[in-house]
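If you're matching them up, the sequences are chains A and B in order. The numbering used here puts the first sequence at residues 1 to 228. The numbering used here puts the second sequence at residues 1001 to 1274.
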Amino acid sequence: MDELREVKITVGTVKNADGSAFIEFGKNKILAAVYGPREVHPKHMALPDRCVLRCRYHMSPFSTDTRKNPAPSRREVEISKVMREALEPALMLEDYPRAAIDVYVEVLQSDGGSRCAGIAAASVALADAGINMRDLVAACAAGKVDEKIVLDINDTEDKEGGADMPVAYLPRLDQVTLLQLDGNLSPEQFNECLDKAISGCKMVYEIQKKALMQKYFGNETEMKEETQ
Amino acid sequence: MSSSKRSPIIVEHLRKQAMWDALSRGKRLDGRDFGDQRPLEIEIDVIKKANGSARVKLGDSEVIAGIKIETGEPFEGLESKGALIVTAEVLPTASPHVEPGPPDEEVVELARVVDRGVRESEMVDLDQLALVPGKIVYTIFVDCSVINADGNLFDATSYATVAAILSARLPIFEMQDSKVVDTGQTKDMPLRTIPVSITAIRIGDSVLIDPTAEEEACMDARITIDTTPEGFCAIQKGFAGSFTIDQLKKAAETARIKGEAVRAKLRELTGKNG
C-alpha cells in the first residue's frame, strides 16, 4: 500500500530539444521536452524582468482506451495550467528576462496519475535543459481505496471511486506546489493522505536525481556502486 | 497552451506597501481578520424561467447561477446516472479587464473547480436521475455568470451553484411510446449533502480567506477547499506559488469551520438539510 508503481526516467530522449525526459510511471508513458530560454513569439508576451513559462499537457489520440479527440479538452487546459503553476516556483525565471521557456508534455500512454508523472518528467527535462532551478519538482498522488489511504493509485483504482489527491512538492524547500483532491476524505484521512503523498514525492525525487546523475555522471555512478 | 501571466490589476506600490504593513499587524486593508469572510448575500429563485436559480454577492463579487433541466444521453461509463454539468462565464460586465470571447484558462479552471466540488460531494443523487438507464437520463445544466468581479470568484460561483441546486425543482419526465414527455409537474431534487467551498490565498507568510481582487493581485498562491459535514471532497491549489504542509493543514481546518457557517446559512435559506 505504501509502494510506488515501477518508475523509470530516461533523460535526453528528444535530440532536438534543449532538455527532455521520458518517464514510465506504471503504465504511463510520457514524454517531456523543453525548449528555451529562447525568444518569445508573439513578442508582446515577453516580460521585461523575467522569463515567460509556457506549458502544454497533451494526450495522444491513441493514449486512452477509446480514441481521444486530439483537440485540447477542458481537462487538458486545466492540467496545463496547474502543471505550469507546479513547476514555476522551482524555476529562477528572473534569470532570463524577455525570454520564454516552453515545456511540452505528451502523454503517449495513459494510466492513473499522468499529471504527476508529467510534472516529474517536465522537471527533469528542465534540469536537463540547464535552467536555473531552486529544486526539482517531485510529484506523486495518494488516494483512498476501500476506505484505506494508499499511495500512487492507478487507473482502475481511480475509476472505482474513493479519492485521488495529486501532489507536487519541492523536497529541499519543503513547499507544496500542486495539490488537488477528487473525492471524499475525513479530516484524519486528509492529513494521512497528504503525508502519504509527500512520502511518495520523496521517493520519486530520488529516482529523478538518479536519472540525471545517470546521464551526466553515468560512469562515475556505476563506479561508485561497484566500490560499495 | 497555458502561459504565465500576471493579474491585469495593477496595485500601486504604496497601496501594496500598505497591504503588507497591515498584514504584518494581522489585519487586512478592509479591516477584516485573516479568517473573516466578506458579507455574503444569497437570494434564490431570481430567474423564474429557470428550474432553479440563485444570485450571490460575496463582498462586491456577484454571480448568478441558473439551472435548466432537460433529458439527454448519459455520459460514457456512467450509463445509469443522470448528467450534471456546471459551466461558468465571466461576463464582460464584470470588470474592465474582461473581453468577450472564448473562455481563457482561468475561466476554464473556475468552471471545472466549481463542478468538481459539487460532483465529488455527490450533492445530487444522480443514481435517481436515469429515465431509461443507458439511454435517456436527466441532464442538469448549471450555468453561472459572473456579473461583477472583485476577487474570490471560486467561492462566489460555488455558492451560487449550490444555492441554485438547493432551490431547484425537478420536472417530472415520463416515457410514453418511447418518447420523453414533460408532465408539467415537479418534485424535489434528490439531494444528499451541501458542499461548501472556502478559498484562501497566501501573501508572504499570511494566509487569508475570501480575498478581494486587490489582494489576489498581490497573492503568492491560492487554495480552494470544498467540504461536506463529514470532511473534504475537493481541493485545488492554484497560482504559481507554493504552501508549506503546515499552512495547508491549517487552511483545511479553517475551511471546515468557516464552511460550516456558510452551510448553516444555506440550510436556513432553502429549508434543505445536508
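Heads up, the beta-carbon is just placed ideally off N, CA and C, and yes, glycines get one too. Computed from a predicted model, the values in this text were never measured in an experiment.
Item checked: Residue interval of the beta strand (DSSP E) (run including residue 35 of chain A) -> 28–39
Note to self: Let me make sure I understand the geometry here. Which of B/1273, B/1230, B/1272 and B/1266 has the alpha-carbon closest to that of residue 1043 of chain B?
What the structure shows: B/1266
Margin query: Please give the ranges of any alpha helix (DSSP H) in the region 1127–1183 of chain B, keeping only runs that are unbroken, at least 4 residues long and fully inside the region.
Written below: 1153–1167
Checklist line | Segments assigned beta strand (DSSP E), at least 3 residues, entirely inside the region 1036–1100 of chain B | finding: 1040–1044, 1052–1058, 1061–1072 and 1083–1090
Notebook entry, point to check: My guess is that residue 139 of chain A and residue 55 of chain A are in contact by the Cβ rule of under 8 Å, so how many angstroms apart are they, rounded?
Noted result: That belief does not hold up - the Cβ atoms of residue 139 of chain A and residue 55 of chain A are roughly 14 Å apart, past 8 Å.
Check: Measuring CB to CB, does residue 1217 of chain B end up less than 9 Å from residue 1207 of chain B?
Finding: no
Checklist line | Best match in B/1148, B/1170 and B/1117 for proximity to residue 1279 of chain B [C-alpha to C-alpha] | finding: Not covered by the structure: residue 1279 of chain B. The range shown for chain B is 1001 to 1274.
Item checked: chain A within 9 Å of residue 1016 of chain B, Cβ atoms only -> no
Notebook entry, point to check: Assuming residue 59 of chain A contacts residue 91 of chain A under a Cβ cut-off of 8 Å, what Cβ separation, rounded to an integer in Å, is found between them?
Noted result: Rounded, the Cβ-Cβ distance is 24 Å, inconsistent with contact.
Notebook entry, point to check: Between residue 1015 of chain B and residue 1214 of chain B, is the Cβ-Cβ spacing less than 9 Å?
Noted result: yes
Check: Taking the alpha-carbon positions, what's the residue 1236 of chain B to residue 193 of chain A distance?
Finding: 15 Å
Item checked: Boundaries of the beta strand (DSSP E) in which residue 1218 of chain B is found, first to last residue -> Note, residue 1218 of chain B: premise wrong, no beta strand (DSSP E); not H, not E.
Next item on the list: Taking a Cβ distance cut-off of 8 Å, strictly less, list which residues of the region 48–61 of chain A are near chain B, in chain order.
Entry: 52, 53, 54, 55 and 56
Margin query: Contact between the region 70–85 of chain A and the region 1093–1112 of chain B is defined here as three or more beta-carbon pairs at a separation below 8 Å; is this criterion met?
Written below: yes
Note to self: DSSP has residue 166 of chain A in a bridge; who is on the other side?
What the structure shows: In the DSSP output, where bridge partners are listed per residue, residue 166 of chain A has A/141.
Note to self: Suppose contacts are defined by Cβ-Cβ distances below 9 Å. Is residue 189 of chain A in contact with residue 168 of chain A by that definition?
What the structure shows: Taking 9 Å as the Cβ cut-off, residue 189 of chain A and residue 168 of chain A do not qualify as a contacting pair.
Checklist line | Three-state secondary structure assigned by DSSP to residue 1193 of chain B | finding: coil
Check: Using a C-beta cutoff of 9 Å, does residue 1144 of chain B count as contacting chain A?
Finding: no
Notebook entry, point to check: What's the gap between the Cα of residue 23 of chain A and the Cα of residue 1148 of chain B?
Noted result: Going by C-alpha positions, residue 23 of chain A is about 44 Å away from residue 1148 of chain B.
Item checked: Partners in chain C for residue 186 of chain A, counting only beta-carbon separations shorter than 7 Å -> Here chain C cannot be found, since the structure's protein chains are A and B.
Checklist line | DSSP bridge partner residues for residue 58 of chain A (one or two, in chain order) | finding: A/106
Next item on the list: Could you tell me which of A/33, A/212 and A/72 sits nearest to residue 118 of chain A, measuring between CA atoms?
Entry: A/33
Check: Should residue 1196 of chain B and residue 1158 of chain B be called a contact, given that it needs their Cβ atoms to be closer than 9 Å?
Finding: yes
Next item on the list: Pull up the CB-CB distance for residue 1160 of chain B and residue 1064 of chain B, whole angstroms please, since I reckon it's below 8 Å.
Entry: 7 Å
Notebook entry, point to check: So, using beta-carbon positions, are residue 1190 of chain B and residue 1129 of chain B closer together than 9 Å?
Noted result: Taking 9 Å as the Cβ cut-off, residue 1190 of chain B and residue 1129 of chain B qualify as a contacting pair.
Item checked: Closer than 9 Å to chain B by CB, residue 92 of chain A -> Output row for residue 92 of chain A: interface = no.
Next item on the list: Determine, using beta carbons only, whether residue 38 of chain A comes closer than 9 Å to chain B.
Entry: Interface criterion not met: the Cβ of residue 38 of chain A is under 9 Å from no Cβ in chain B.
Check: At least one CB of chain A closer than 9 Å to the CB of residue 1108 of chain B: is that the case?
Finding: yes
Checklist line | Interface residues of the region 1241–1263 of chain B facing chain A [CB-CB below 7 Å] | finding: 1241, 1242, 1243, 1244, 1245, 1248, 1249, 1252 and 1256
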